[in-house]
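The next block holds one structure in the form of structure tokens; read it before the comments.
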Amino acid sequence: MGKQTKVTVILMTYNRLSQLQDTLIWLEHVEGISDIIIVDNGSIDGTEEWLSTQQYEYVYFDEGVQGYGVLWNIVLSQFEMEEYIVFIEAGVYPEQKCLLKLAEILQMESVEIVSPMTNCFMADRNNRITGKENLLHNRLYYQEALECRIKRYALCANWKMWAARREIFESNGAFEEKLCGPEEVLTDYSLSLIRKGLRQMVCREACAFESFCRCDEIYPQDSQWRNDDHLFMKTKYGMNYFNLKPNDFLVERIQRESENAFKVLEIGCDLGATLVEIQNEYPECETYGLDINKAAVEIAKHITQAKEGNIDELQIPFGEKFDYIIFGDVLEHLRHPEEVVQMCRNMLNENGSIIASIPNVMHISVIEQLIDGRFRYSDAGLLDRTHIHFFTYREIMELFLHAGYTIKYIDGIAFKTSERQTQIKKVLLGLSNDTEDWMYETFQYVVEAQK
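Heads up: the sequence shown begins at 0 in numbering that gives the first Met the number 0, then just goes up one per residue.
Structure below.
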């Protein structure tokens, strides 16, 4: 297959001449490349002058930086390309057979976009991609050490490197030119594919090293792009945010054999990203989703058995009983969390569990605000303006114990604290006889409560 497969590489760059040159040298050793088209998004660092002396096909936007909706559409319309197209940002380094592996995935029925595993994108916590030089070792690591499937479905694609079949652009149409940021442009396109019953994948065997992780490391326009794109996407989809990545901490609490058949319901399933990851790990698992947002359900129903509903009304529109009911950052949004977890006991099979992630209002960052006389709500995070209930470790324990559950597991997710926060924590520990430092350091708790 490899000798016959030919790939067109669209290589994006902006004011990164040396990185562009380094990437081109690297791609000389990557198999499957038929041609490279370089897209210079209005660089002013001499990139266009250098390209004019080379043999590569290229396009230079002399009118200045373009949004990626416009950028990708122009490139696709102006050049002839092979059956498989790989979009790469300068500074991303695929391993030798990476493009061939991506093309192989695209031969699967209904798979239209595929991304490689990188040190930044969809990377598990044991990821060993630490530089472009160790990619061969990393490939062996994924083949031999990971007890998981190499090919995994996903809701999101990696804007820094992704592959598609040429015909998808012919059948699905152009990118949304009112969107500018590459991540948002690709998210919008991905959602349109999902609604047509098409899928995306991440190939863990196809590895690449990213020398940068965020768009703002390249484009100073990124902040404005994100603000404008957020408003457009919110109006178009009726959603305030788009959660395309699974909550791995919740998935990890389902500890079963991969061939087991069981049922999972996620309350607040959003677009279904966590349920997709559960399906990856447990192909025989039946998944169900409930969400209050109709627009999210319209997308999630292409992935799982999803229905619209408000769990606060103490009704679940499914007749099944479940082995797991998942609440990913949901209980703090409810008016009646106690009644909800009590009701869920009747929806669980014997020895079934609730698995939940819950933010910790006792985190030192919240206390630091209070010390400064502030309690500022935001669109996301510990003080999300839609939070109705606030929890600490002890309130979480009481919530489930009072409802008749046994706490099978509880652990915290912590982030690094500032020097000032560390000093505040020491003072607080000296004032209290009943707290421990981890109670202030934990940003979020993950709990499994068994029936």
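Where a beta carbon is used, it is the ideal one built from N, C-alpha and C, also for glycine.
This one's a predicted model, so the numbers in the text were calculated from it and none came from an experiment.
Grab me the residues of residue i's own chain with a C-beta within less than 8 Å of its C-beta, minus the 5 sequence neighbours each way, in chain order.
{"i": "residue 64", "result": "13, 40, 41, 218, 220"}
{"i": "residue 401", "result": "337"}
{"i": "residue 294", "result": "236, 237, 238"}
{"i": "residue 298", "result": "190, 193, 194, 270, 271"}
{"i": "residue 242", "result": "269, 270, 272"}
{"i": "residue 255", "result": "261, 281"}
Using C-beta distances below 6 Å, list every residue in its chain close to residue i, excluding the 5 sequence neighbours before and after it, in chain order.
{"i": "residue 182", "result": "158"}
{"i": "residue 303", "result": "271, 274, 286, 288"}
{"i": "residue 120", "result": "157"}
{"i": "residue 537", "result": "Here the chain covers residues 0 to 450 and nothing more, so residue 537 does not appear."}
{"i": "residue 380", "result": "none"}
{"i": "residue 439", "result": "363, 424"}
{"i": "residue 192", "result": "111"}
{"i": "residue 197", "result": "109, 111"}
{"i": "residue 96", "result": "30"}
{"i": "residue 47", "result": "39, 59"}
{"i": "residue 383", "result": "none"}
{"i": "residue 5", "result": "33, 81"}
{"i": "residue 184", "result": "67, 68, 174, 178"}
{"i": "residue 25", "result": "92"}
Restricting to Cα atoms, I'd like to know which of the options is closest to residue i.
{"i": "residue 227", "options": "341, 180, 348", "result": "180"}
{"i": "residue 76", "options": "127, 161, 174, 395", "result": "174"}
{"i": "residue 355", "options": "216, 249, 66", "result": "249"}
{"i": "residue 311", "options": "185, 326, 450", "result": "326"}
{"i": "residue 344", "options": "323, 439, 361", "result": "323"}
{"i": "residue 162", "options": "357, 7, 410, 300", "result": "7"}
{"i": "residue 331", "options": "208, 164, 309, 359", "result": "359"}
{"i": "residue 49", "options": "23, 32, 301", "result": "23"}
{"i": "residue 113", "options": "54, 155, 389", "result": "155"}
{"i": "residue 281", "options": "74, 300, 448, 252", "result": "252"}
{"i": "residue 80", "options": "60, 116, 166, 62", "result": "166"}
{"i": "residue 447", "options": "428, 436, 405", "result": "405"}
{"i": "residue 129", "options": "58, 211, 390, 88", "result": "211"}
{"i": "residue 403", "options": "450, 437, 365", "result": "450"}
{"i": "residue 187", "options": "222, 419, 229", "result": "229"}
{"i": "residue 340", "options": "361, 313, 365", "result": "313"}
{"i": "residue 172", "options": "34, 216, 73", "result": "73"}
{"i": "residue 410", "options": "441, 169, 264", "result": "441"}
{"i": "residue 319", "options": "335, 346, 300", "result": "346"}
{"i": "residue 392", "options": "370, 208, 433, 88", "result": "433"}
{"i": "residue 333", "options": "306, 283, 91, 387", "result": "387"}
{"i": "residue 308", "options": "118, 291, 206", "result": "291"}
{"i": "residue 421", "options": "342, 437, 169", "result": "437"}
{"i": "residue 86", "options": "164, 245, 222, 244", "result": "164"}
Please list, in chain order, all residues of the same chain as residue i whose beta carbon is under 7 Å from its beta carbon, the five residues on each side excluded.
{"i": "residue 225", "result": "180"}
{"i": "residue 177", "result": "68, 231"}
{"i": "residue 43", "result": "14"}
{"i": "residue 329", "result": "266, 267"}
{"i": "residue 233", "result": "239"}
{"i": "residue 389", "result": "331, 360"}
{"i": "residue 258", "result": "283"}
Buried or exposed: where does residue i fall if 16 or more other Cβ atoms within 10 Å of its Cβ makes it buried?
{"i": "residue 0", "result": "With a pLDDT of only 46 at residue 0, under the threshold of 50, the placement of this residue in the model should not be trusted; the figure read from the coordinates follows. Residue 0 is exposed by the Cβ-count criterion."}
{"i": "residue 239", "result": "exposed"}
{"i": "residue 443", "result": "buried"}
{"i": "residue 430", "result": "exposed"}
{"i": "residue 19", "result": "buried"}
{"i": "residue 51", "result": "exposed"}
{"i": "residue 385", "result": "exposed"}
{"i": "residue 247", "result": "exposed"}
{"i": "residue 71", "result": "buried"}
{"i": "residue 214", "result": "buried"}
{"i": "residue 316", "result": "exposed"}
{"i": "residue 131", "result": "buried"}
{"i": "residue 3", "result": "exposed"}
{"i": "residue 426", "result": "exposed"}
{"i": "residue 83", "result": "buried"}
{"i": "residue 160", "result": "buried"}
{"i": "residue 277", "result": "buried"}
{"i": "residue 419", "result": "exposed"}
{"i": "residue 523", "result": "The question about residue 523 has no answer, for the chain in this structure spans 0 to 450."}
With respect to 7 Å, is the separation between the Cβ of residue i and the closest non-hydrogen atom of the ligand MG below this value?
{"i": "residue 236", "result": "No copy of the ligand MG appears in this structure; indeed no ligand is present at all."}
Between residue i and chain B, is there a C-beta pair that is closer than 8 Å?
{"i": "residue 417", "result": "No chain B appears in this structure, which consists of one protein chain only."}
query = Counting pairs of beta carbons, one from the region 335 to 353 and one from the region 414 to 431, are three or more of them closer than 8 Å?
reply = Here the region 335 to 353 does not lie against the region 414 to 431, with fewer than 3 beta-carbon pairs under 8 Å apart.
task = Any chance you could list the beta strand (DSSP E) runs of at least 3 consecutive residues sitting entirely within the region 292 to 335, in chain order?
result = Counting only unbroken stretches of 3 or more residues, the beta strand (DSSP E) elements lying wholly within the region 292 to 335 are 304 to 307, 321 to 327, in sequence order.
message = I want to know whether the region 199 to 216 touches the region 84 to 103 - three or more CB-CB distances under 8 Å.
response = Flag = yes, the region 199 to 216 and the region 84 to 103 touch.
query = What are the complete beta strand (DSSP E) segments, minimum 3 residues, inside the region 225 to 261?
reply = Those beta strand (DSSP E) runs which fall completely within the region 225 to 261 and span 3+ residues do not exist here.
message = I want to know whether the region 391 to 409 touches the region 368 to 375 - three or more CB-CB distances under 8 Å.
response = The way I'd put it, the region 391 to 409 doesn't touch the region 368 to 375; fewer than three beta-carbon pairs between them come closer than 8 Å.
query = What are the start and end residues of each continuous alpha helix (DSSP H) run of 4 or more residues lying completely inside the region 159 to 215, in chain order?
reply = DSSP runs (the alpha helix (DSSP H)) wholly in the region 159 to 215: 165 to 171, 181 to 193.
request  = Quick one: which unbroken alpha helix (DSSP H) runs of 4-plus residues sit fully inside the region 336 to 396? Chain order, please.
outcome  = The region 336 to 396 contains, as complete alpha helix (DSSP H) runs of 4+ residues, the segments 336 to 344, 363 to 370 (chain order).
request  = Go through the region 11 to 75 residue by residue and report every complete run of the alpha helix (DSSP H) that reaches 4 residues or more, in order.
outcome  = For the region 11 to 75, whole alpha helix (DSSP H) runs of length 4 or above, ordered along the chain, are 16 to 26, 46 to 50.
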